[in-house]
Structure formats: structure tokens, C-alpha cells
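K.L.:
Chains as they are written, first to last, in this note's numbering: chain D, 1 to 283; chain H, 284 to 712.
This is the structure:
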């Protein structure tokens with residue numbers, strides 16, 4: 001098992017740092033899956049147990065100048081690592097004006113993802129900072145736990161408003177209640193509601209548009225749904241906020257799929273990153 | 284005492300207070316002929332700092348005359364209240380034009396006056412407590428390794444460590460490789476914690492003198508405090524250190540200002556400290572004493588008794604003590620270990636941060652750092668250990684202890700613990 005990658009370009013480094021910062025906000029620990037052309041950050045918390053899950057996919061070619069990996073076997077050319085994204089985020093924070101950043105899988109006091117940062121100095125030689133991030137190697141028999149989640153059979157799919165706007169609304173609502181009701185219809189309308197003992201607040205968004213999903217399933221319930229009728233889900237506001245707060249760059253596309261009273265599925269698409277996030281609905 | 288600080292020096296002074304406030308809860312103020320000295324020590328006695336502002340730093344400097352008994356005035360004030368005067372550095376820089384510090388002996392107040400723009404004068408009357416000289420025992424001349432670098436280089440180095448990190452390990456090798464890495468104690472799981480290591484090349488330093496390969500571990504918080512002062516005053520920082528367990532000494536030096544920060548370093552359980560009693564580092568003996576329990580009262584009294592009577596060598600309790608018996612103490616010519624009362628550390632055997640802080644009744648001056656062999660002058664010192672219960676001299680108990688007249692026998696100071704101290708001495712010899 002081998003892995004080494006190198007970032008030289010500052011823009012790529014900044015972009016990668018932002019992605020990692022977002023992931024660090026969403027998950028305490030996650031699984032890093034490495035394949036020949038992609039990196040995945042996976043949180044496979046079972047939504048059924050009330051936790052969130054996450055699936056984030058990056059094309060390595062858009063970030064790394066060098067990327068070499070060798071999995072356990074030729075027919076299973078993949079690596080699965082358990083890690084704390086916060087550590088990676090901290091390591092990258094000190095690499096802001098780095099000349100190069102190398103990330104490799106090493107074996108120092110246990111398996112580590114070593115981030116070696118070469119920093120410019122006033123003198124001729126550069127300064128090397130290495131961060132050894134402890135990781136756990138996930139054996140092959142457990143790989144099946146980390147499959148890409150399928151898009152749920154949703155009632156309504158809708159484009160999200162500008163995330164910054166949504167964030168400032170949700171941030172204020174958080175002070176009033178722990179739960180938020182997200183409801184939307186096929187007419188491009190979405191409402192964010194909170195209902196506390198003393199106050200009810202609703203923010204209405206209009207004209208958001210509904211993404212066209214090509215259905216290969218004739219039973220898709222969205223086909224014959226009344227465009228005015230709302231599908232709603234009540235979710236934990238503290239699970240929604242990190243998703244909105246973590247986005248330092250507005251994604252090219254942001255949408256959410258609501259399965260009435262069961263789950264909200266968010267999809268954020270950047271040019272080279274896609275992030276899916278699932279929040280279970282509460283009763 | 285009367286000191287007047289003007290112009291940009293007010294901010295420098297304020298920054299010094301900020302740096303000292305990272306160390307202790309009390310500020311020891313001593314006007315001497317060599318200048319105004321400000322000192323602090325932390326509660327576990329593992330960190331000590333001294334800022335000596337030369338008379339020329341001030342627009343006006345009067346150290347004040349000694350009292351009839353020939354004693355120089357020195358006092359301590361609460362760090363919090365002194366820091367309060369200089370709390371906001373930006374506003375200090377913008378508003379304050381002059382700072383006047385003087386003593387009102389009748390009212391027992393130390394007065395700090397800030398003369399600001401638009402004729403505003405802020406007067407702070409601080410209560411103080413008279414005290415003994417606070418002096419850590421260290422000798423940078425005896426340190427095998429010396430580094431000298433612009434503060435900026437070191438600031439850029441420590442920035443890679445999380446703010447929450449307590450200790451950092453500095454390593455050098457004779458090849459000129461200097462490294463910093465985060466220190467993890469045995470309790471932290473290496474499988475969970477990120478390790479960060481930073482290598483600096485020799486040419487980033489102004490001077491690297493390494494006689495022996497070594498790694499020392501010290502507290503980052505106090506070091507950061509000094510670095511921020513050094514960076515603002517644009518002074519290069521000198522680091523003197525030796526083997527693990529020996530204090531690391533950080534100095535800044537300028538014609539107007541001399542700064543010493545002494546940090547205890549973590550002792551290495553594998554290396555034998557006992558073989559190296561130099562540089563104030565006395566054998567780490569753990570006496571089987573009976574104050575090992577957390578009974579602080581007996582602990583304190585026992586400590587003070589180690590210096591009672593002239594037959595015994597003058598001991599140096601951690602706390603600055605009255606100097607009533609100073610005149611009776613002859614300059615000690617005795618060997619290194621004589622008079623070394625290895626205090627009363629708690630029973631824990633784990634290697635902890637150690638540092639020696641004591642009163643210096645002989646020299647009575649801030650010279651320990653500059654005097655080679657000062658540590659070997661048979662003066663008393665105490666072994667201080669990192670995780671002692673905090674012994675704040677501000678508690679009534681200690682105030683009481685300081686009022687004790689050691690010249691006259693006190694029934695409180697007699698008894699078993701006194702005997703114990705003697706026993707300790709014999710043991711050391």
C-alpha cells in the first residue's frame with residue numbers, strides 16, 4: 001500500500017484547504033477513500049440511527065500535481081483510511097504560503113498520513129514542517145460499508161437559495177429553537193420554519209426552480225404530485241448549520257431532496273468537488 | 284522610588300507587563316541602582332521572568348533611598364491590578380504620553396499615573412505588600428547550547444503548533460539542525476494525536492552553538508509571551524539550554540533593557556540528574572518527609588524552618604522572605620551542595636518540571652544570570668516541582684509567614700520539622 005501526492009499550485013492548495021475545512025466542520029472522524037483518480041471523504045453514520053452521513057468526492061487531477069497510489073492488490077486498487085479531518089485542516093492551515101505540500105502515507109508509530117510542508121524563509125534554505133496525522137487502515141472486508149449512498153426516492157427536489165442567505169436565516173433561527181422545518185414544493189417554493197412555544201417564524205423563498213431528474217423509475221412520485229403541496233421534514237438545526245457555515249465558496253449548484261418526514265438530502269456541486277449530505281428527519 | 288516613562292517606552296513597558304502576566308499572578312517590583320526590575324514566577328515555580336529596565340530607559344529614575352536599616356525597598360502587587368493599567372495596548376499607544384510610577388509610603392500605595400492626551404490623567408493607586416527578593420537560580424554561562432535568532436523566526440516556528448498545546452520540545456544536534464515538535468506526555472494516545480515537527484536550518488539563526496545533542500521540553504505559553512514582546516521590540520532572542528531537567532534560559536538584551544525568562548524543562552527519566560549538580564540543578568532527591576501530604580500549613584511552616592537560626596546555612600524558601608537575618612549571614616564559601624535543602628517535593632515520582640527560585644540575601648541583586656558559578660555559592664535553594672499545589676503568597680497563611688521574625692526564636696518554628704531539615708542537610712553533604 002502506497003500513497004503520495006503533491007500540491008505546488010497555490011490556488012489548488014487554497015481550494016483543497018477550503019474543502020478540507022468544510023469536511024472538518026461536518027464530521028469529527030471520517031473515512032478517506034483513495035482511488036487512482038479520486039479522493040472520497042465518507043461519513044457512513046447510519047441515518048437510521050439519527051446521525052448524518054456525508055459523501056464528498058474530489059477529482060485528484062484538479063488539486064494535485066503528483067498523485068501516486070497503490071492499493072492492497074491490483075484488482076482492488078484502493079485505500080481506505082479512518083481519520084480526523086480536523087487534523088488535516090489544522091495541518092493545511094499552517095501551509096498557507098507554502099512552496100509545496102506533500103501528503104503521503106507513512107508508518108511512524110503506527111500508520112500516519114504525513115503532511116510535509118515546505119515553507120519559504122528569509123534565508124536561502126526553506127523550512128520543512130511535518131505533521132503526522134494518525135490514521136487507521138480499514139481492512140478490505142469492511143469496505144462494503146462505504147458505498148455511495150443512492151439518491152432517495154424523494155417527494156420534492158428543489159434548488160437551494162444562495163447559501164449565505166440561508167445561513168444567516170438559519171443562524172438566527174438557531175437562537176430560537178433547536179429544530180427547523182424545511183418544506184418545499186414543485187413550484188420552486190421553499191420555507192424555513194421554526195415553531196417554539198412563544199414564537200413561530202417562517203422564511204419564504206420563491207422562484208428557486210426544481211431540478212429536472214430523469215426518472216428511470218415509472219413509479220416516481222414526483223411526476224403526479226400537486227406542484228403546490230409541500231413536502232416537509234423537521235431536522236436538527238445544529239446538523240444543518242455546519243453545512244451552510246462550512247461553505248466558503250458558493251457551489252455552482254446546490255439542491256436538496258426532501259423525503260417527506262424522513263430525510264433531507266443535500267447535494268452541493270462545485271466544479272471539481274461534489275458533496276452529498278444526509279440529515280434524518282425527526283418525528 | 285519615582286520613575287517617569289515617556290513616549291514609545293510606555294508601550295514597551297506595557298508590553299513587558301503583558302508578557303509577565305503570562306507567568307504569575309503577582310508582580311515583584313524592585314527599584315535598584317541598575318534600574319527597575321519587574322519579576323514574576325508562576326505558582327508551580329516552573330517559570331520565572333525578570334525584566335530589568337535601565338535608568339536610561341526612564342525620563343527620570345530615582346530608586347529611592349534604603350530605609351534606616353539599610354534595606355532596599357521591594358514589593359509585590361497583584362498582577363491583575365497592574366495589568367489593568369496597561370490592559371489595552373492600542374489605546375496606550377494612542378493616548379498615553381507619560382507614565383509615572385511612584386510610591387506613597389504613608390498610604391502604602393504604589394501609584395501608577397498615566398498622563399494621556401487632552402490633559403487626561405489616570406491615576407491608579409495599587410496596594411502592595413513588602414516582600415523579599417525573588418530570584419531564580421540559574422546560570423546561562425554553564426549551558427552547553429546557545430541559539431540566537433530574530434524573534435520573527437521563532438514566532439513563525441511556534442505558529443505551527445495549536446494554541447492549546449502545553450509543551451514543546453526543542454532539539455538540537457551538533458550538525459546544526461534545530462527542531463521543534465509538540466510534546467506528548469505518556470497519557471496522550473499517539474494513535475489519536477497529530478505530531479508536528481518543524482526543522483529549522485542553521486542559517487535562519489544568527490548564532491548556533493551546540494556542544495551536545497539535546498532535547499528539552501518546556502511550556503509554550505510563557506515562551507509565546509516572551510516572543511510577542513521580543514517581536515514587538517525587534518530584539519533577537521537568545522536561548523540557552525542544556526540537558527533535560529535543567530532550566531532553559533531565554534534572554535533579550537539591549538542597553539536599556541535586560542530580559543530573562545527561565546523555564547523549567549521536563550526531566551528525562553532516563554538520564555541521571557544526580558550526576559550533574561551544576562547550574563543550580565541539584566540532585567532530585569525525594570525526601571521521605573512527612574509533609575508530603577497535601578497539608579499545606581505544615582508544608583509551609585516546614586519550609587520556613589529550614590532557614591531558622593544562624594547555625595544552619597541560610598536556606599531559601601521559595602517565597603521571598605524578610606531579610607532581617609541577612610546581615611548575620613556570612614558570604615558562604617562552602618561547596619555546591621552545602622545549604623542545598625532539597626525542599627519538600629510531593630511524593631509523586633514522575634519527572635516533572637523543576638526550577639529553583641529563591642531569595643538571594645547575599646548579592647541582593649539581579650546578577651545571578653551574569654555571575655558564573657553563582658549557583659554554586661552555597662546559597663539556599665529549593666527544589667520546586669511542577670505540579671505542586673499552587674502556593675500563592677497572597678493567601679493569609681503566607682502573609683503571616685512573611686511576618687515571622689526569624690531572628691528571634693519562635694515556638695512555631697521549633698519542633699520536628701526543624702530537626703527534619705537538619706537531617707536533610709546532612710543527607711546532602
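The beta-carbon is built from N, C-alpha and C at its ideal position, and this holds for glycine as well.
Since we're looking at a predicted model, the values are computed, not measured.
(1) Considering only the alpha carbon of each residue, which of H:550, H:291, H:307 lies closest to residue 544 (chain H)?
(2) Given 8 angstroms as the limit, is there contact between the stretch 444-461 of chain H and the stretch 411-421 of chain H, that is, 3 or more CB pairs closer than that?
(3) Quick one: measure Cβ to Cβ for residue 245 (chain D) and residue 167 (chain D), integer angstroms, because I've assumed they're closer than 8 angstroms.
(4) For the beta strand (DSSP E) that residue 127 (chain D) lies in, which residues bound it at each end?
(5) Using beta carbons (cut-off 7 angstroms, strictly below), is residue 129 (chain D) in contact with chain H?
(6) Could you have a look at residue 42 (chain D) and say whether DSSP puts it in helix, strand or coil?
(7) Would you identify the three-state DSSP class for residue 227 (chain D), choosing helix, strand or coil?
(8) With a threshold of 7 angstroms on Cβ separation, who are the neighbours of residue 698 (chain H) within its own chain once the five nearest residues in sequence on each side are excluded?
(9) Check whether the Cβ of residue 110 (chain D) lies closer than 7 angstroms to any Cβ atom in chain H.
(10) Verify the CB distance criterion: does residue 447 (chain H) have a CB-CB separation below 7 angstroms to chain D?
(11) Could you please tell me which residues of the stretch 498-513 of chain H, in chain order, have their CB closer than 7 angstroms to any CB of chain D?
(12) Put residue 64 (chain D) into one of helix, strand or coil per three-state DSSP.
(13) Does residue 794 (chain H) have its Cβ less than 7 angstroms from a Cβ in chain D?
(14) To the nearest angstrom, report how far apart residue 146 (chain D) and residue 528 (chain H) are at their CA atoms.
(15) Spatial neighbours of residue 429 (chain H) within its chain, please: C-beta separation below 6 angstroms, excluding the five flanking residues on both sides.
(16) Mind checking the stretch 449-475 of chain H against chain D and listing, in chain order, the residues whose C-beta falls within less than 8 angstroms of any C-beta there?
(17) Note down, in chain order, all residues in the stretch 319-348 of chain H with a beta-carbon under 9 angstroms from any beta-carbon belonging to chain D.
(18) Anything in chain H within Cβ reach of residue 132 (chain D), meaning under 7 angstroms, just list it in chain order.
(19) I'd like to know whether the C-beta of residue 87 (chain D) is nearer than 7 angstroms to at least one C-beta of chain H.
(20) Going along the chain, which residues of the stretch 234-250 of chain D sit with their C-beta nearer than 9 angstroms to a C-beta in chain C?
(21) Below 7 angstroms between beta carbons: does that hold for residue 104 (chain D) and residue 94 (chain D)?
(22) Report the residues of the stretch 96-124 of chain D with a CB closer than 7 angstroms to any CB of chain H, ordered along the chain.
(23) Would you kindly work out how many angstroms separate the C-alpha atoms of residue 106 (chain D) and residue 369 (chain H), rounded to a whole number?
(24) Name, please, each residue of chain H whose Cβ falls closer than 8 angstroms to the Cβ of residue 196 (chain D).
(25) What are the boundary residues of the alpha helix (DSSP H) that includes residue 420 (chain H)?
(26) Under a three-way DSSP split, which group does residue 270 (chain D) fall into?
(27) Are there 16 or more other CB atoms within 10 angstroms of the CB of residue 68 (chain D), so buried, or fewer, so exposed?
(28) Is the Cβ-Cβ distance between residue 337 (chain H) and residue 539 (chain H) less than 7 angstroms?
(29) What whole-angstrom Cβ distance do residue 530 (chain H) and residue 421 (chain H) have, given they're in contact under 8 angstroms?
(30) Alpha carbon to alpha carbon, what distance is there between residue 184 (chain D) and residue 201 (chain D)?
(31) In three-state terms, what does DSSP make of residue 375 (chain H)?
(32) Please tell me whether residue 482 (chain H) has its Cβ less than 7 angstroms away from any Cβ of chain D.
(33) Please tell me whether residue 486 (chain H) has its Cβ less than 7 angstroms away from any Cβ of chain D.
(34) Which residues does DSSP list as the beta-bridge partners of residue 276 (chain H)?
(35) Would you please state the rounded distance, in angstroms, between the beta carbons of residue 334 (chain H) and residue 287 (chain H)? I believe it to be under 8 angstroms.
P.N.:
Reading it off the structure:
(1) Working through the second chain from its first residue, we reach residue 544 (chain H) at position 261. Of the candidates H:550, H:291, H:307, the one whose C-alpha sits nearest the C-alpha of residue 544 (chain H) is H:307.
(2) no
(3) On the first chain, position 245 is the one that residue 245 (chain D) refers to. On the first chain, position 167 is the one that residue 167 (chain D) refers to. Between residue 167 (chain D) and residue 245 (chain D) the Cβ distance is about 6 angstroms, and since that is below 8 angstroms, they are a contact.
(4) Within the first chain, numbered from 1, the residue matching residue 127 (chain D) stands at position 127. Residues 127-134.
(5) Locating residue 129 (chain D) in the first chain gives position 129, counting from the first residue. Yes, residue 129 (chain D) lies at the interface with chain H (some Cβ there is under 7 angstroms from its Cβ).
(6) Counting from one through the first chain, the residue named residue 42 (chain D) turns up at place 42. Three-state DSSP puts residue 42 (chain D) in a strand.
(7) In the first chain, counting from the first residue as 1, residue 227 (chain D) sits at position 227. Residue 227 (chain D) falls in the coil class under three-state DSSP.
(8) As a first step, residue 698 (chain H) is located in the second chain; it is residue number 415 there, counting from the start. Confidence at residue 698 (chain H) is low in this model, with a pLDDT of 29, below 50, so the placement of that residue should be treated as unreliable; the coordinate-derived value is given next. Excluding positions up to five away in sequence, the list is empty.
(9) The residue given as residue 110 (chain D) occupies position 110 in the first chain. So, interface residue.
(10) Working through the second chain from its first residue, we reach residue 447 (chain H) at position 164. False, the Cβ-Cβ gap to chain D never drops below 7 angstroms.
(11) none
(12) Counted from its first residue, the first chain places residue 64 (chain D) at position 64. Residue 64 (chain D): coil per DSSP, three-state reduction.
(13) The structure shown does not extend to residue 794 (chain H), since chain H is modelled only from 284 through 712, so no value can be given for it.
(14) Within the first chain, the letter at position 146 stands for residue 146 (chain D). Within the second chain, the letter at position 245 stands for residue 528 (chain H). Approximately 49 angstroms, taken between the alpha carbons.
(15) Within the second chain, residue 429 (chain H) is the residue found at index 146, counting from 1. Correct list, in chain order: 492, 523.
(16) 473, 474, 475
(17) none
(18) As a working mapping, residue 132 (chain D) is identified with position 132 in the first chain. By Cβ distance, chain H contributes 477, 478.
(19) Translated into positions along the first chain, residue 87 (chain D) becomes position 87. Yes, residue 87 (chain D) lies at the interface with chain H (some Cβ there is under 7 angstroms from its Cβ).
(20) Reference to chain C is not applicable here, since the protein chains of this structure are D and H.
(21) As a working note, residue 104 (chain D) is residue 104 in the first chain. As a working note, residue 94 (chain D) is residue 94 in the first chain. No, they are not a contact pair.
(22) 109, 110, 121, 123, 124
(23) As a first step, residue 106 (chain D) must be located in the first chain, where it is residue number 106. As a first step, residue 369 (chain H) must be located in the second chain, where it is residue number 86. If I take the Cα positions, the gap works out to 49 angstroms.
(24) Numbered from its first residue, the first chain carries residue 196 (chain D) at position 196. In chain order: nothing, as chain H lies at least about 35 angstroms away.
(25) Counting from 1 along the second chain, the entry for residue 420 (chain H) is found at position 137. No alpha helix (DSSP H) contains residue 420 (chain H), which DSSP labels as neither H nor E.
(26) Looking up residue 270 (chain D) in the first chain gives position 270. Correct three-state label for residue 270 (chain D): coil.
(27) In the first chain, counting from the first residue as 1, residue 68 (chain D) sits at position 68. The residue in question, residue 68 (chain D), is exposed, as its Cβ has fewer than 16 Cβ neighbours within 10 Å.
(28) As a first step, residue 337 (chain H) is located in the second chain; it is residue number 54 there, counting from the start. As a first step, residue 539 (chain H) is located in the second chain; it is residue number 256 there, counting from the start. Against a cut-off of 7 angstroms, the Cβ pair of residue 539 (chain H) and residue 337 (chain H) comes out as a contact.
(29) Taking the second chain and counting its residues from 1, one reaches residue 530 (chain H) at position 247. Taking the second chain and counting its residues from 1, one reaches residue 421 (chain H) at position 138. About 5 angstroms separates the two Cβ atoms, so the contact holds.
(30) Counting from 1 along the first chain, the entry for residue 201 (chain D) is found at position 201. Counting from 1 along the first chain, the entry for residue 184 (chain D) is found at position 184. Near 16 angstroms, if we compare the C-alpha coordinates of residue 184 (chain D) and residue 201 (chain D).
(31) Translated into the one-based positions of the second chain, residue 375 (chain H) becomes position 92. Reduced to three states, the DSSP call for residue 375 (chain H) is helix.
(32) Position 199 of the second chain holds residue 482 (chain H). Taking Cβ atoms only, chain D reaches closer than 7 angstroms to residue 482 (chain H), which makes this a yes.
(33) Locating residue 486 (chain H) in the second chain gives position 203, counting from the first residue. Yes, its Cβ sits closer than 7 angstroms to a Cβ of chain D.
(34) This structure does not reach residue 276 (chain H), given that chain H is present from 284 up to 712, and the question cannot be answered.
(35) Your numbering for residue 334 (chain H) matches position 51 in the second chain. Your numbering for residue 287 (chain H) matches position 4 in the second chain. Actually they do not touch by this definition, with Cβ atoms about 17 angstroms apart.
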